[in-house]
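Peer 1:
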Amino acid sequence: MSSAGRSRPESKPRLVLHPRSQLRPPNQAWSNMIWYFLYPLRGTSQPPRLSANHPIRRAFFRHGKTTAQHWLITMLVSVAIAMGFSYPTIFLSENPTAGFAAYPHHVWTTARPFMGEERLIDVEMRQIWVHGSYMNALNKSVLNSALGIQQAIVGPERLTSVYPTLNDQLRTGAISWGYHSPLMYWNNSADTISGDEDVVRTINDQSRTSSSLNVALRPASVFAGKRFDRKKLRAADALVITLMNKAGDGVGGRWEDSMEALASGACQNCTLFPHDGRVTRNKVYEFSFVPLSLQENIALTFAYTCMALYVLLSLRRLKAFHSRFGLVVTAITQMTCSVLASVTICGILKINLSTIPQNAYPFVVLVVGLENMFRLINAVLAYPATMATDQRIANALGDVGPVSVATAGQNLIILSLLSYFVSPGVAAFCAFACIATLFDAFFLLTFFVAVLNVDIRRFELQDTLARSTQQRARRRPSPVDSRSLKHTWFDALVQGRLPFSTRMAGTAVTTTFILSLNYHFFERHEKVTSLRHLLGLARGGSRSVADFDTFTPPPMNATLTPGEWMRMQDFDTAKEVMRLAKPGADSFVIRVFAPLIVVLADADRTGAPLGTEAWVHALRSYAIHHFYPVAVAVVFAVAFVAVLMNFLLYSEAGEEPFPEERERQEDGLSLRSVNLPHKLDIIKLAGTEKAHFVTVGLDRTVAVSLFDRAQQDYKTIGVPAEVTSSLRWPVRDCLLDDSGDYLALHCADDQIVLFPCATGSLLEQSLHYPDDNPPVLFRFFRVPGKETGARIWLVILTSGGRLLTTCMGEKGDRETTRLSERPLVGAALIAPNTQNRKLYYITEDAQLVGYSWGEDGWKESCSSSLPLDTRLGGLSSAVSITTHQDLGHEILMVRSEKEVLFFDSSTLNTLSKIDLDTPLADITLGNTAHCAACGSVALRSVGLISEMEPDGSSGMTVLSARDGELGGALCLRHNTSSCHSFAQASKATHKVQNPAGSLCALDSQAILGLRRLPPLKEDVTPAKQASSAQTRHRRRASTRPSTTSREITWEAFKVSLNGEIESTPVLANEDSEAEASSLYVNSAGPAVALDHQSSAVAFGNQVKVIRSSRRGSLAGKTDGPAIQRHGSTSKRRLTLRKGQ
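Residue 1125 in full-length UniProt numbering is what sits at position 1125 of the sequence shown, and the numbering runs on without skipping anything.
#1: Whole alpha helix (DSSP H) runs in the segment 321-352 with 4 or more residues, listed along the chain?
#2: Below 8 Å on the Cβ atoms is my guess for LEU797 versus ALA827; work out the distance and round it to an integer in Å.
#3: If you measure between the beta carbons of ASP708 and VAL290, is that distance less than 8 Å?
#4: Can you list the beta strand (DSSP E) stretches of 3 or more residues lying completely in the segment 681-730, in chain order?
#5: Cβ of ILE396 within 8 Å of Cβ of ALA379?
#6: For CYS306, count neighbouring C-beta atoms within 10 Å of its own C-beta (all shown protein chains included) and say buried if the count is 16 or more, exposed if not.
#7: Sort out for me which residues DSSP pairs CYS934 with in a bridge.
#8: Determine which residues share a DSSP beta bridge with ASN282 and list them.
#9: Specify the secondary structure class of ASN453 as computed by DSSP and reduced to three states.
#10: List the DSSP bridge partners of LEU243.
#11: Roughly how many angstroms separate the alpha carbons of LEU754 and ASP733, rounded to a whole number?
#12: What separation, rounded to the nearest whole angstrom, lies between the Cα atoms of MET259 and ARG208?
#13: State the Cα-Cα distance for the pair LEU970 and SER673, rounded to the nearest angstrom.
#14: For VAL638 versus LEU76, is the C-beta distance shorter than 8 Å?
#15: Using 10 angstroms around the beta-carbon of GLU1062, count the other beta-carbons present and answer buried if the total reaches 16, otherwise exposed.
#16: Please look up how many angstroms separate the CB atoms of ASP749 and ARG728, rounded, as I've assumed it's under 8 Å.
#17: For the beta strand (DSSP E) that ARG822 lies in, which residues bound it at each end?
#18: Output needed for THR688: all residues of its chain with C-beta closer than 6 Å, excluding positions within five of it in sequence on either side, in chain order.
#19: Measuring straight from C-alpha to C-alpha, what distance separates ILE90 and ALA82?
#20: Would DSSP call GLU1062 helix, strand or coil?
#21: List the endpoints of the continuous beta strand (DSSP E) containing SER194.
#22: Could you pull the start and end residues of the beta strand (DSSP E) that ILE842 belongs to?
#23: Given ILE393, which residues of its chain have a CB within under 7 Å of its CB, disregarding the five upstream and five downstream residues?
#24: Is it the case that the Cβ atoms of residue 1141 and LEU706 are separated by a distance below 8 Å?
#25: Since I believe LEU939 is in contact with LEU972 (beta carbons under 8 Å), could you give me their beta-carbon distance rounded to a whole number of angstroms?
#26: By the DSSP assignment, the alpha helix (DSSP H) with TYR259 in it spans what residues?
#27: Three or more beta-carbon pairs under 8 Å between the segment 819-826 and the segment 903-912, yes or no?
#28: For THR1021, which residues of its own chain have a beta-carbon under 8 Å away from its beta-carbon, when the five flanking residues on both sides are left out?
#29: Quickly, what does DSSP pair ILE945 with across the bridge? List them, please.
#30: Which same chain residues, not among the five before or five after ARG779, have their C-beta less than 6 Å away from its C-beta?
#31: Does DSSP put SER53 in a helix, a strand or coil?
#32: If you follow the beta strand (DSSP E) that THR910 is part of, which residue opens it and which one closes it?
#33: Can you give me the C-alpha to C-alpha distance between PRO219 and ILE298, rounded to a whole angstrom?
#34: When the Cα atoms are used, what is the spatial distance from residue 1141 to THR271?
#35: Is the CB-CB distance between SER936 and ILE945 below 8 Å?
#36: Quick check: what's the CA-CA separation for PRO775 versus TYR851?
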């Protein structure tokens, strides 16, 4: 049984399992809708969780981590985008220069083709469009010509002869005809037009004057192809004269006759479309403006109330956040921006949203948005608070991100399908919902994730959760209390534990809401919905009136078509026409005739933009008139959010530290205890570059600990007792492959036992150790295959020169050869890339030989003699061959007791050599650079760690270039005499006290280890100043309720190349059961390096994993300084002596 199960017997199951502990069905990226269809076969509707290595989950994980690490940039960019898209809806909805489609109002507006009887038609509408030269309709000659056309059709009407009795006639419905003309700005008088000194000013000053139809003379209703400056009209391309009459009164026939006579009368030299002036094409439409009924208001109020109650009840359990009110404000802000941005996009795409009341539009965004938000919040809360914030958010987004995106895609498909079966007005609502769903998903993955990251960082989770855990441990509920705590279905619904509420609620509610909206149009269309009507609906339903462009466009360069002009008329104009057509009613039927287009003589229409030119012109106009206010609004919003974030985080971040203090805060040291099933001390420890490790205990138990990078936690797999009992003890060597799939044990009977960690049983494949000599190389390596996939090989090279190579899972695929007749003192397996493997070994007579891996096995590729001392007959001690992450695989580093050599890996030519005065235990390299003299690779510094002295201390000699010399770097190749060699380097020696401890060097320019603290004395002399920081460790830890100064006897430490030491205490295990099973530790070790930032140290029957990572401020990559996570941390410089 693993330590995780032993230490937390009553803990709830982990929400994220190890990939090997569960079976996952294939095709995990399907939309979650399919799992409901597969319910009878699978027995569950829950979608399968993506494995940690699934590419989709990894993509969301990387996005979540990047967003959490760069939350401020993400937040400001998303705010700028939201403000940019929301500005037109907020400030330009009534602006005549915007040119957007109709916005929603507080009533139902319906405009659809009418298929009823002719006698039901209320009014008829005809139009005459008068064009002069391009954008020159406000020229007085054009106005006078248009006046002549108007008088030829309707007569010399003056505003004074009609207007005084107009309101009374409209109230009684007695008026039978009227017209709406821009010439009414000048009272239909040619003298007034000629005497007007500023035509444009007259129009702008009288834009609210009423026409004979009692309709305001808005520029949008009497001009086409307008050009505005701010809200002032500056030019127009056409004059629009609108004629309206009651159907069947005979006035329309007289107007038609007058229009036909224009070609031979007032417009003899004009061009007409149609050419004879006879307009016969027409369409009949029904318009309605119906306010919300009492029942509909009650239904909407009930829906929004239920939504508010759901949010309030769900927020009650969110105790692990700093501000629940802040999350509510964030949710409201995000959904408001989604609604506003969607309305803007619909306006640009000319999607008419005016058919449905504006109160209905936010509901869909609320349903879908809240569903995704609570799903993400619950996923974050599922991970332990001790995990780094960016890791929690990254894992949560990796878990629910695919589900949220799949749900969004599912909603888009359903809404798209619904748009084909519902009425045109509801189809526009479906388009809006699709756009809003996309915006909501975008803001969720950017803005909400960033705000959630900030809120979690502001909340002190660890102490709160620790106190609540202690309280739950002290208070055991009685059987009566347990029976009385019943969880109802409603509680599960509020807590989001029902699968229906977490994935399908939003889709179901959205679909139901859209069908309810569509029923409104059914009810007005037919009191009883018949099967014939439903079949007609399935075939596509009636066409929308929005497409007025079904009339044949005029064969000329027009800036605006009749359909576009109709769609640009505002809501107030439509209401005024309603009062004329049918006073007191909420709907009317109108016959709309195709307009008569009149192009005056000598008109130049070559300047009108067409196609893409029209778009460029529109964008240029928008940029000229609206770029500045939009830019100001975006900058203001971004600045406000930036200042707000600084204010909210000021209490935690404090004032900006000095540069020296900021540099000290960059590195962080963390310590993790891994409980293992061993009853006695650990005697063997082996690790991998992916932070997995295997341990062997004195009690003849073996445990494999696999590191889950997604959860930042270890999962321990104990080798079963039936396996360990079959081994011949003691185990001489243990090995784990990089992925943690295979374990190899070299037993006392020279058998190599192979154990797959996933199956829990030994492989039938048995190996016999090649000879009686100890191994110089014991490694797994992976070779990718084109057809069979990656294959894992085990290679064993003994000091006797015999090589054993075998492939895992294949019984017959093994090879045993003798590589060298001379004894070997060191070897290494190097993998420059996935397709290339190289093996190097060093013989007793200082020969370095290289082999390459091919289809035929290992083939010798190069050899060289090492410049080492062999005067005593050969090398007397072991020699190690390694590479460094910064130097790459092109340079080999060979280390003996008294020398360090650097070689070119391809030619094995010697590059540099470092001679030592004392025996060398380990080495770490500093930053790489380029040599200022020859441009070759160079090192800033090199740390040489000597063997441990009798008093337990170790010395570290740091070689570095003298200040100001040749760029401050030590050249490895030493190509010229000007290069700074290691022999010319300055030396600085640091002494590290390490009583009863163990340490190892990492590639990250640091040494990590574990050591015992010296006993605390009453008096601290200046000579023992190094222990004062340890005193502070114990003094700070004693303030914790669960820790006393007596318990802190060990500490983890990190030594940097500059001699700076950072340490953190090893506190008592908070788990009482794990603490009871731990052993008294007299000395720590063995220690092994894991990845480039961490090491593992055996500590009794446990393993302490020490990690050194880059830690920044709150706006940085992780949770903040280590002092906030581990209680006490200190740094101090231990440079005791320096020499040249």
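C-beta: ideal position from N, C-alpha, C; glycine also.
Peer 2: Answer, in terms of the structure:
#1: Here the runs fully enclosed are 324-348.
#2: For the purposes of this step, residue 797 is taken as the residue at position 797 of the sequence shown. For the purposes of this step, residue 827 is taken as the residue at position 827 of the sequence shown. Rounded to whole angstroms, the Cβ separation of LEU797 and ALA827 is 5 Å, and the two are in contact under 8 Å.
#3: The residue given as residue 708 occupies position 708 in the sequence shown. The residue given as residue 290 occupies position 290 in the sequence shown. Against a cut-off of 8 Å, the Cβ pair of VAL290 and ASP708 comes out as no contact.
#4: List check, beta strand (DSSP E) in window: 682-687, 693-697, 702-708 and 713-718.
#5: Counting from one through the sequence shown, the residue named residue 396 turns up at place 396. Counting from one through the sequence shown, the residue named residue 379 turns up at place 379. Checking the sequence, you will find Ala at residue 396 rather than Ile. Closer than 8 Å, so yes.
#6: In the sequence shown, residue 306 corresponds to position 306, counting from 1. Label assigned to CYS306: exposed.
#7: In the sequence shown, residue 934 corresponds to position 934, counting from 1. Paired residues: none, contrary to the question.
#8: Position 282 of the sequence shown, counted from the first residue, corresponds to residue 282. Its beta-bridge partners are PHE593.
#9: Taking the sequence shown and counting its residues from 1, the one referred to as residue 453 is at position 453. It is helical.
#10: Within the sequence shown, residue 243 is the residue found at index 243, counting from 1. DSSP output for LEU243 lists ARG126 and TYR179 as bridge partner(s).
#11: Position 754 of the sequence shown holds residue 754. Position 733 of the sequence shown holds residue 733. Going by the C-alpha atoms only, they are around 12 Å apart.
#12: Mapped onto the sequence shown, residue 259 falls at position 259. Mapped onto the sequence shown, residue 208 falls at position 208. Their Cα atoms are separated by approximately 29 Å.
#13: To locate residue 970, count along the sequence shown from 1; it is residue 970. To locate residue 673, count along the sequence shown from 1; it is residue 673. Computed Cα separation, rounded: 39 Å.
#14: The residue given as residue 638 occupies position 638 in the sequence shown. The residue given as residue 76 occupies position 76 in the sequence shown. Yes; because the gap between Cβ atoms is below 8 Å, this pair is in contact.
#15: Along the sequence shown, read from residue 1 onward, the residue named residue 1062 stands at position 1062. Buried.
#16: Counting from one through the sequence shown, the residue named residue 749 turns up at place 749. Counting from one through the sequence shown, the residue named residue 728 turns up at place 728. With 8 Å as the limit, ASP749 and ARG728 qualify as a contact, their Cβ atoms being about 4 Å apart.
#17: For the purposes of this step, residue 822 is identified with residue 822 of the sequence shown, where counting begins at 1. Element bounds for ARG822: n/a, residue is neither H nor E.
#18: Within the sequence shown, numbered from 1, the residue matching residue 688 stands at position 688. Contacts found: LEU736 and ASP738.
#19: Taking the sequence shown and counting its residues from 1, one reaches residue 90 at position 90. Taking the sequence shown and counting its residues from 1, one reaches residue 82 at position 82. C-alpha of ILE90 to C-alpha of ALA82: approximately 12 Å in a straight line.
#20: Start at 1 with the first residue of the sequence shown, and residue 1062 comes out as number 1062. Of the three classes helix, strand and coil, the one that applies to GLU1062 here is strand, per DSSP.
#21: Mapped onto the sequence shown, residue 194 falls at position 194. Looking at the DSSP string, SER194 is not in any beta strand (DSSP E); the run it does join, the alpha helix (DSSP H), is 190-195.
#22: Here residue 842 refers to the residue found at position 842 when the sequence shown is read from its first residue. Element bounds for ILE842: 836-843.
#23: On the sequence shown, position 393 is the one that residue 393 refers to. Non-local beta-carbon contacts of ILE393 in its own chain, meaning distances under 7 Å to residues more than five positions away in sequence, involve GLY64, ALA68, VAL380, VAL449, LEU452 and ASN453 in chain order.
#24: Nothing about residue 1141 can be reported from this structure: the residues present for the chain run from 1 to 1140 only.
#25: Numbered from its first residue, the sequence shown carries residue 972 at position 972. Numbered from its first residue, the sequence shown carries residue 939 at position 939. About 7 Å separates the two Cβ atoms, so the contact holds.
#26: The residue you call residue 259 lines up with position 259 of the sequence shown. In the sequence under discussion, the amino acid at residue 259 is Met, which differs from the Tyr named in the question. Segment 251-260, the alpha helix (DSSP H) holding MET259.
#27: no
#28: Within the sequence shown, the letter at position 1021 stands for residue 1021. Its pLDDT being 35, under 50, THR1021 is placed unreliably in this model, and the value from its coordinates should be taken loosely. Taken in chain order, the list of residues that qualify is empty.
#29: Here the question's residue 945 lines up with position 945 in the sequence shown. DSSP output for ILE945 lists ASP922 and MET956 as bridge partner(s).
#30: Here residue 779 refers to the residue found at position 779 of the sequence shown. The beta carbon of ARG779 sits closer than 6 Å to the beta carbons of VAL795 and LEU829 from its chain, once the five residues preceding and following it are set aside; these are given in chain order.
#31: In the sequence shown, the residue the question calls residue 53 occupies position 53. Inspection of the sequence shows that residue 53 is occupied by Asn rather than by Ser. In the structure shown, ASN53 sits in coil (DSSP, three-state: anything other than H, G, I, E or B).
#32: For the purposes of this step, residue 910 is taken as residue 910 along the sequence shown, with counting starting at 1. Run containing THR910: 910-915, per the beta strand (DSSP E) assignment.
#33: Here residue 219 is taken as the residue at index 219 of the sequence shown, counted from 1. Here residue 298 is taken as the residue at index 298 of the sequence shown, counted from 1. Roughly 39 Å separates the two Cα atoms.
#34: Only positions 1 to 1140 of the chain appear in the structure, and residue 1141 is not among them; the question remains open.
#35: For the purposes of this step, residue 936 is identified with residue 936 of the sequence shown, where counting begins at 1. For the purposes of this step, residue 945 is identified with residue 945 of the sequence shown, where counting begins at 1. Contact: no.
#36: Sequence index remark: in the sequence shown, residue 775 carries index 775 (1-based). Sequence index remark: in the sequence shown, residue 851 carries index 851 (1-based). Distance between the alpha carbons of PRO775 and TYR851: 17 Å.
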